[in-house]
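Peer 1: The sequence shown runs 160 to 316 under the working numbering.
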Amino acid sequence: MNSKFNLIILIFSILFSCGKLNNERSTILLNSEYNKRLKSEYGYLVWNPKKSDLETVNKVLKKAIADKKFDFIKKPILENINNNLFKQYIPYIDKNDNRIILLNVSCDVLAIPTLEDQKMEHWKNEFYEVYDGGSCYWKITINVDTEKYSNLLVNGV
160 MNSKFNLIIL IFSILFSCGK LNNERSTILL NSEYNKRLKS EYGYLVWNPK KSDLETVNKV
220 LKKAIADKKF DFIKKPILEN INNNLFKQYI PYIDKNDNRI ILLNVSCDVL AIPTLEDQKM
280 EHWKNEFYEV YDGGSCYWKI TINVDTEKYS NLLVNGV
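#1: In angstroms, rounded to a whole number, what distance separates the CA positions of T300 and H281?
#2: Just grab the DSSP bridge partners of W297 for me.
#3: Taking the straight line between their C-alpha atoms, what separation do you get for K209 and Y290?
#4: Counting only C-beta atoms, is N314 closer than 8 Å to chain C at any point?
#5: Using alpha carbons as the reference points, say which of V313, K307, S309 and E183 lies closest to Y243.
#6: Smallest Cα separation from R258: which of S185, E306 and K198?
#7: Going straight from the alpha carbon of Y248 to that of K227, what length do you get?
#8: Mind reading off the beta-carbon distance from F286 to S199? Whole number of angstroms is fine, and I expect it under 8 Å.
#9: In whole angstroms, what separates the C-alpha of N314 from that of Y201?
#10: Could you round the C-beta distance between I252 and W297 to whole angstroms and report it? I think they count as a contact, below 8 Å.
#11: From what residue to what residue does the alpha helix (DSSP H) around K198 run?
#12: Compute the Euclidean distance between the alpha carbons of K283 and N263, then round it to the nearest angstrom.
Next up, the structure:
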């Protein structure tokens, strides 16, 4: 009886801790068309990041900011990244078995599809890509295992 109770508590802990990773301005994509493309084209597998992994992403972002990689952002950088942007975390395991998170960031979610409720649902479930758009849209690849960043790409700057 006690082991069943412990198992139930463990399951609820896992469910609720993972659920906190997604919020109104961030989402983790695990089963999007983009994830499927990473697997089919490169053989990259999906992994489910924990809260500590996202904390590592934030730590690496702070390093990139200190390295002056984000000078294209006009507002105070940390405030902008932490409070004002929409973030998609796309986790995958690369060919060297490193846990990678592609962080896809935007200032706004455009009205495609045009219905407001579908727009947000679409953004939460599928990779959101804008062509051009300037410094409002950017991506960075973060290796969670080595705590290094690469491929900071800004749309149309």
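Cβ coordinates follow ideal geometry from the N, Cα and C atoms, glycine included. Model, not experiment: these values are computed from the prediction.
Peer 2: If we stick to the structure as given:
#1: Counting from 1 along the sequence shown, the entry for residue 300 is found at position 141. Counting from 1 along the sequence shown, the entry for residue 281 is found at position 122. So the alpha carbons of these two residues sit roughly 22 Å apart.
#2: As a working note, residue 297 is residue 138 in the sequence shown. In the DSSP output, where bridge partners are listed per residue, W297 has V264 and V313.
#3: The residue given as residue 209 occupies position 50 in the sequence shown. The residue given as residue 290 occupies position 131 in the sequence shown. So the alpha carbons of these two residues sit roughly 30 Å apart.
#4: Chain labels in this structure do not include chain C; a single protein chain is all it has.
#5: For the purposes of this step, residue 243 is identified with residue 84 of the sequence shown, where counting begins at 1. The residue you asked about is not Tyr; residue 243 is Asn in the sequence shown. Closest by alpha carbon: E183.
#6: On the sequence shown, residue 258 is found 99 positions in, with the first residue counted as 1. The option with the nearest alpha carbon to R258 is E306.
#7: What you label residue 248 is simply residue 89 of the sequence shown in a count that begins at 1. What you label residue 227 is simply residue 68 of the sequence shown in a count that begins at 1. Looking at the two C-alpha atoms, the distance is approximately 22 Å.
#8: As a position in the sequence shown, residue 286 is number 127, starting the count at 1. As a position in the sequence shown, residue 199 is number 40, starting the count at 1. With 8 Å as the limit, F286 and S199 do not qualify as a contact, their Cβ atoms being about 14 Å apart.
#9: Locating residue 314 in the sequence shown gives position 155, where the first residue counts as 1. Locating residue 201 in the sequence shown gives position 42, where the first residue counts as 1. N314 and Y201: Cα-Cα distance of roughly 24 Å.
#10: The residue labelled residue 252 in the question sits at position 93 within the sequence shown. The residue labelled residue 297 in the question sits at position 138 within the sequence shown. Not really, about 23 Å apart at Cβ, beyond 8 Å.
#11: To locate residue 198, count along the sequence shown from 1; it is residue 39. Start and end: E192 to Y201.
#12: For this step, residue 283 is matched to residue 124 along the sequence shown. For this step, residue 263 is matched to residue 104 along the sequence shown. Cα-Cα distance, rounded: 12 Å.
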